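Since the structure comes first, as structure tokens, the remarks are kept for the end.
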Amino acid sequence: MMKPLNLFFAAGAFAFAFVLSGCGETPQTNVAKAGQSAAKEGDKPYQNDQFKGNREEWAKTLRSRADNQNEYKRVN
Amino acid sequence: MARMKFICDAERCIECNGCVTACKNEHDIPWGVNRRRVVTLNDGVVGAERSISVACMHCSDAPCMAVCPVNCFYKTEDGVVLHDKDLCIGCGYCFYACPFGAPQFPSAGAFGVRGKMDKCTFCAGGPEKDGSKAENEKYGRNRLSEGKLPACAEMCSTKALLAGDGDVLSDIYRERVMRRGRGGDLWGHATAYGRPDAKGAPVLPAAPAAQPAAQKS
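Sequences listed follow chains A and B, in order.
Okay, so the first sequence: first residue is 1 according to this note's numbering, each after it adds one.
Okay, so the second sequence: first residue is 77 according to this note's numbering, each after it adds one.
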């Protein structure tokens, strides 16, 4: 069984640690650095089930879709 | 490498606001926020009235990126300027820096409190997982990852608003100007994609086509 004196010291150490924890502070500043984005890195638009990471295929699809905006090619 | 760009042909825009509606509908944009809007110059002046559809131009050297105090902007490998709403503090610096008035701030409560900045994403979502619910709620639909172009341009009935790879767009525009023989000026193009020279004046990108004098009407 723990002696009353040891118990007193243990409680004191715990209280000391608890009080001391109030002095610590998590940094709340942003990690912004000049000329460097702090944003999360997004997915690549071709990394999905449709294009399976094939950038060329994705770019080709978009290019043909953009080309389709030219009505001279569609009508005349 | 693709360089995503918008082009608005003022000769064709009929101020129908179809692009505005398409954008609002596609991304469930709240009341008071307009990622895209149509501006009309010389309204009512016969022969001089021109309308232009304006949104984020995804500038080559974007001023919003330069002034953001928390660096929440980033540019994709295709030149689309996006931002991270988890970092944005809604300070409004980007709004003052943008020459096109693209950044929008939703009203977030009483006393004029404004929320995090919202702007056109070129239908490319944000940093969250593509097509996820979180991305949809924060940034709207990610059409680019589905192999589609922005809804505004695809919806445009007169094809005044074009979107896509810069090379394809300049080919379309060049052919258009050659056929009609006028209207080679592109509003906002030099501001968004031109580069300042040594003296700080913007240098125009290569003109799509010269106006042939014989075809002028």
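For every residue, glycine included, the Cβ atom is placed at its ideal position computed from N, Cα and C.
Note that the structure is predicted; figures quoted are calculated from it, not measured.
Whole-Å CB distance - residue i paired with residue j, under 8 Å assumed
i	j	result
B/Lys-235	B/Arg-88	7 Å
B/Lys-161	B/Lys-214	5 Å
B/Cys-132	B/Val-157	6 Å
B/Ala-86	B/Trp-263	6 Å
B/Thr-116	B/Pro-175	Between B/Pro-175 and B/Thr-116 the Cβ distance is about 18 Å, and since that is not below 8 Å, they are no contact.
A/Gly-35	B/Pro-203	Contact doesn't hold; Cβ gap of about 19 Å is too wide.
B/Tyr-169	B/Val-143	5 Å
Distance, residue j Cα to residue i Cα
i	j	result
B/Asp-243	A/Gln-28	44 Å
B/Val-96	B/Arg-111	8 Å
A/Arg-12	B/Asp-104	Looking at the sequence shown, residue 12 of chain A is not Arg but Gly. Spanning the two alpha carbons is a distance of roughly 58 Å.
B/Cys-164	B/Pro-226	24 Å
B/Lys-195	B/Val-122	33 Å
A/Lys-60	A/Gln-47	15 Å
B/Gly-257	B/Glu-211	44 Å
A/Val-54	B/Val-109	Looking at the sequence provided, one finds Asn at residue 54 of chain A rather than Val. Looking at the two C-alpha atoms, the distance is approximately 35 Å.
B/Met-193	B/Pro-182	7 Å
B/Cys-84	B/Tyr-269	14 Å
B/Ile-90	B/Cys-232	10 Å
B/Arg-205	B/Gly-260	Correcting the residue type first, residue 205 of chain B is Lys in the shown sequence and not Arg. Taking the straight line joining both Cα atoms gives about 40 Å.
A/Ala-38	B/Gly-185	27 Å
B/Ser-208	B/Gly-120	45 Å
B/Thr-152	B/Gly-191	24 Å
B/Lys-224	A/Gln-69	12 Å
B/Asp-137	A/Arg-74	35 Å
A/Leu-5	A/Glu-25	33 Å
B/Val-146	B/Glu-102	29 Å
A/Phe-9	A/Lys-3	10 Å
B/Phe-171	B/Cys-140	7 Å
CB contact below 9 Å: residue i versus chain A
i	result
B/Lys-235	yes
B/Ile-248	yes
B/His-265	no
B/Phe-171	no
B/Met-193	no
B/Ser-221	yes
B/Phe-149	yes
B/Glu-153	yes
B/Lys-214	no
B/Ala-200	yes
B/Lys-209	no
B/His-159	yes
B/Gly-168	no
B/Ala-290	In this prediction, B/Ala-290 has a pLDDT of 45, which is less than 50 and means its spatial position is unreliable; what the coordinates show is noted afterwards. Output row for B/Ala-290: interface = no.
B/Gly-257	no
B/Pro-203	yes
B/Glu-87	no
Residue-chain proximity (residue i, chain B), Cβ-Cβ < 9 Å
i	result
A/Lys-3	no
A/Gln-28	no
A/Asn-54	no
A/Gly-42	yes
A/Leu-62	yes
A/Ser-37	yes
A/Asn-70	yes
A/Asn-6	no
A/Ala-32	yes
With 16 other Cβ atoms within 10 Å as the buried cut-off, status of residue i
i	result
B/Ala-229	buried
B/Gly-201	buried
B/Phe-149	buried
B/Ala-178	buried
A/Leu-7	exposed
A/Val-19	exposed
B/Leu-220	buried
A/Cys-23	exposed
A/Phe-51	buried
B/Lys-100	buried
A/Ser-21	exposed
B/Tyr-249	buried
B/Phe-198	buried
A/Pro-45	buried
A/Trp-58	buried
B/Asn-118	exposed
B/Arg-252	buried
Residues bridged to residue i (per DSSP)
i	result
B/Leu-237	B/Cys-84
B/Gln-180	B/Asp-194
B/Leu-158	B/Tyr-150
B/Val-130	B/Arg-113
A/Lys-33	A/Gln-36
Check: residue i C-beta below 8 Å from any heavy atom of the ligand MG
i	result
A/Arg-74	This structure lacks the ligand MG, and indeed carries no ligand of any kind.
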